[in-house]
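Colleague: Encoded as structure tokens, here's the structure I'll be asking about.
The following block contains the structure:
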């Protein structure tokens, strides 16, 4: 799946200025993450279990 086919969503914590933000796209196999300031750069993908571990960690930090 190409990046143009993915439905990217910005973080709900992003500011209205559009800076310092990440975007995520959910697929059946993984969660894709990219820098919203430069969407031409490659994204990375993590498995659902890895993503959930990250979200749990971030919620408690």
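Numbering (my numbering), first residue to last: -11 to 49.
Note that the Cβ used here is the ideal one computed from N, Cα and C, for glycine as well.
(1) For residue 36, report the span of its beta strand (DSSP E) as first-last.
(2) Just checking my contact of residue 35 with residue 18 at CB under 8 Å: how many whole Å lie between their CB atoms?
(3) Go to residue 22, then tell me how far its beta strand (DSSP E) extends in each direction, as first and last residue.
(4) Does the beta-carbon of residue 29 have 16 or more other beta-carbons within 10 angstroms, so that it is buried, or is it exposed?
Modeller: Judging by the given coordinates:
(1) Here residue 36 refers to the residue found at position 48 of the chain shown. Residue 36 -> not in any beta strand (DSSP E); alpha helix (DSSP H) instead, spanning 36 to 47.
(2) Position 47 of the chain shown, counting from 1, holds the residue named residue 35. Position 30 of the chain shown, counting from 1, holds the residue named residue 18. Sure, about 6 Å apart at Cβ, within 8 Å.
(3) The residue given as residue 22 occupies position 34 in the chain shown. Element bounds for residue 22: 18 to 23.
(4) Numbered from its first residue, the chain shown carries residue 29 at position 41. So residue 29 ends up on the exposed side.
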